[in-house]
Amino acid sequence: MGRETDTLTSVGIDIGTTTTQLVISEITISSAGLGALDVDIEQTELVYRGAIYETPLLDRQTLNVEAIEDLVTSELEQSGYTPASIDSGAVIVTGESSYKTNAEELVTRIAADAGEFVVATAGPELESVLAGTGSGAATWASDKQKTILNVDIGGGTTNMCLFAGDSIVETRCLNVGGRLLRFNTAGRVTHISNPAALLINEANLDIEVGKYPSEAALHELVDLMANSVFETVDGTERSELTKELTIRNNEYTSRTIDGVCFSGGVGRLIAANDDEDLFAYQDIGGILATAIRERLESSSLIVRPPTEMIRATVIGAGTQTTSFSGTTVSFDESVLPLKNLPVVTASFSGTDRESLADDLRHCLERGLSLYETDQVAGLALALPNFDTLSYDRITALAHAFDQAYDESGYARRQLPYVIVTQQNCAKALAQCLRAISTDVSPLIVIDEIAASDGDYLDIGEPILSGQTVPVIVKSLVFGRESSAA
């Protein structure tokens with residue numbers, strides 16, 4: 011008996027500091043048929059590459075939502091696809107665009123317009139992973155079972171992802187990019203972002219809005235940026251200045267790197283090795299690329315060419331955001347799809363029924379206090395791994411869930427019960443819970459999915475004859491405005 015296959019059409023939309031892009035992919039998934047435990051992604055084919063547009067702004071703090079919506083609509087029409095034909099995908103706002111005052115409104119609107127199961131995402135850590143998958147770095151690490159660091163340098167941020175074999179080790183994110191300082195056509199400075207202002211003040215450089223900076227001052231500025239990039243690539247000894255430019259995590263793994271891959275707009279300029287017009291884009295991207303290239307020439311780093319450069323993140327957004335549950339899932343199809351379910355993670359202090367119930371009740375109460383349940387479709391409760399999954403353990407867990415949903419007040423809110431586990435036990439847990447509970451709330455239990463506090467979950471309609479559901483675990487992280495001028 012042959013494998014059963016299904017094909018999903020997925021869109022990726024990246025609204026970045028400098029550019030906005032759209033791509034469409036066809037993702038073929040398969041399983042060995044009913045009763046099989048595995049769901050495999052057999053093939054991902056990029057079927058449409060949209061044009062690259064300059065990201066429309068109303069002003070330094072505000073994205074032009076209508077203009078971006080028009081771009082997306084136009085690109086979908088050009089591709090021959092309609093929102094109704096899009097099965098999955100993601101809209102991601104990246105770099106300095108995530109700091110704009112209306113960034114969250116924008117991606118939510120675009121996601122709603124682009125398809126039924128297209129999600130809104132943001133955050134440098136996710137951007138790092140997507141860029142590394144889209145550039146081909148993740149595939150190279152997996153195929154060669156080597157360690158590679160993808161360095162995606164865009165207009166507002168540098169986002170790195172360290173891949174080792176089949177695993178993601180960590181992300182490293184830095185406020186360094188080619189659009190942190192901008193000029194008009196005459197060469198006068200029109201915009202200085204806060205990270206650039208920090209470096210200018212630190213080095214006492216004569217660079218101000220409205221003035222013509224000297225080449226020496228500009229080169230000193232990008233030298234400081236390049237230093238921070240290489241200190242972050244090394245990951246061991248970093249200056250206080252680099253730490254100030256670092257986004258969130260400041261502690262990195264000490265690991266030998268077998269190769270470095272550069273992607274993003276500035277990454278493309280590094281590979282181009284063309285210094286003829288360093289200010290073609292009226293920013294510092296060209297001279298930043300030159301400064302990094304010069305350091306590479308004298309370093310021992312092995313540079314691996316990416317399969318994609320400027321489109322790395324948008325391709326990752328379109329092909330890598332969707333996972334698939336195991337085939338032992340249980341769900342009430344009438345409530346699917348579900349979007350933007352806040353994830354609350356349970357931790358257990360004991361294994362007996364009462365301890366489990368108390369811990370689950372506290373978890374649900376915490377979730378109910380954090381999120382306005384009239385604004386969300388429910389809470390997704392994520393379970394930790396258990397050492398063993400015996401019948402007695404699953405039975406105790408089912409009784410604990412029934413008790414916790416009732417005692418926490420969740421059951422009275424008429425919301426679906428959504429349970430997420432990494433272990434292959436969804437169907438058994440759901441059957442047991444249904445057998446002992448008198449509650450009739452819709453129940454969705456999915457397995458082989460990892461999610462954490464602060465994540466949001468989207469669960470799509472079943473595919474492969476109802477064997478699995480597409481799942482997207484996402485973060486919605488919008489920064490504060492970083493513009494200094």
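Position 447 of the sequence shown, counted from 1, bears residue number 457 in our numbering, the numbering being contiguous throughout. Built from N, CA and C at the ideal position, the CB exists for glycine as well. Quick caveat, the model's predicted, so the values are computed rather than measured.
Check whether the region 233-251 touches the region 129-138, taking contact to mean three or more Cβ pairs, one atom from each stretch, closer than 8 angstroms.
They do not touch, by the three-pair rule.
From the DSSP output, in three-state form, read off Arg59 for me.
If DSSP states are grouped into helix, strand and coil, Arg59 belongs with the strands.
Suppose you measure from the CA of Thr15 to the CA of Asp233; what does that come to, to the nearest Å?
Cα-Cα distance, rounded: 52 angstroms.
Cβ of Tyr91 within 8 angstroms of Cβ of Glu180?
The answer is no: Cβ separation not under 8 angstroms.
Measuring only the C-alpha atoms, how far is Leu56 from His409?
When rounded, the distance between both Cα atoms is 47 angstroms.
Would Gly274 and Ala141 qualify as a contact pair, given that the criterion is a beta-carbon distance under 8 angstroms?
Yes. Within cutoff.
Can you name the residues that DSSP bridges to Asn160?
Cys171 and Cys271, per the DSSP bridge assignment.
Roughly how many whole angstroms lie between the Cα atoms of Gly26 and Arg321?
Between Gly26 and Arg321, the C-alpha separation is close to 11 angstroms.
Looking only at DSSP bridge pairs, what is Glu36 linked to?
Glu36 pairs with Thr19 and Glu55.
Which same chain residues, not among the five before or five after Thr19, have their C-beta less than 7 angstroms away from its C-beta?
Cβ within range, chain order: Ile34, Glu36, Tyr91, Ser95, Ile96 and Asp97.
Counting C-beta neighbours from all protein chains within 10 Å, is the total for Asp293 16 or more, i.e. buried, or is it exposed?
Counting Cβ neighbours within 10 Å, Asp293 comes out buried, since at least 16 surround it.
For Glu247, which option in Ile178, Arg314 and Ser264 has the closest C-alpha, if you only look at C-alpha atoms?
For the residues Ile178, Arg314 and Ser264, the minimum Cα distance to Glu247 belongs to Ser264.
Would Leu47 be called buried (16 or more neighbouring beta carbons within 10 Å of its own) or exposed?
Reliability of the predicted coordinates at Leu47 is poor, the pLDDT of 45 falling under 50, and the value obtained from them is presented with this limitation in mind. Leu47 comes out exposed.
Could you check how far apart the C-beta atoms of Ala113 and Val103 are, in whole angstroms? I think they sit under 8 angstroms.
Yes, they are in contact, since the Cβ atoms of Ala113 and Val103 sit about 5 angstroms apart, within 8 angstroms.
Quickly, what does DSSP pair Gln31 with across the bridge? List them, please.
Answer by DSSP bridge pairing, in chain order: Asp24.
With distances taken Cα to Cα, identify the nearest neighbour of Lys514 among Leu467, Ala236, Thr168 and Ser89.
Nothing can be reported for residue 514: it is not among the residues displayed for the chain, which extend from 11 to 495.
Am I right that Ile424 and Ser451 are in contact with their C-beta atoms under 8 angstroms? What's the rounded C-beta distance?
The question names Ile, but residue 424 in the sequence shown is Gln. Contact holds; Cβ gap of about 7 angstroms.
What runs of the alpha helix (DSSP H), each 4 residues or longer, lie entirely inside the region 196-262?
Fully enclosed alpha helix (DSSP H) runs of 4 or longer: 204-213, 225-244 and 250-255.
Give the secondary structure of Cys435 by DSSP, where H, G and I count as helix, E and B as strand, and everything else as coil.
Three-state result, Cys435: coil.
Is DSSP giving Phe289 helix, strand or coil here?
If DSSP states are grouped into helix, strand and coil, Phe289 belongs with coil.
What does DSSP give as the partner residue(s) for Glu180 in the beta ladder?
Per DSSP, Leu172.
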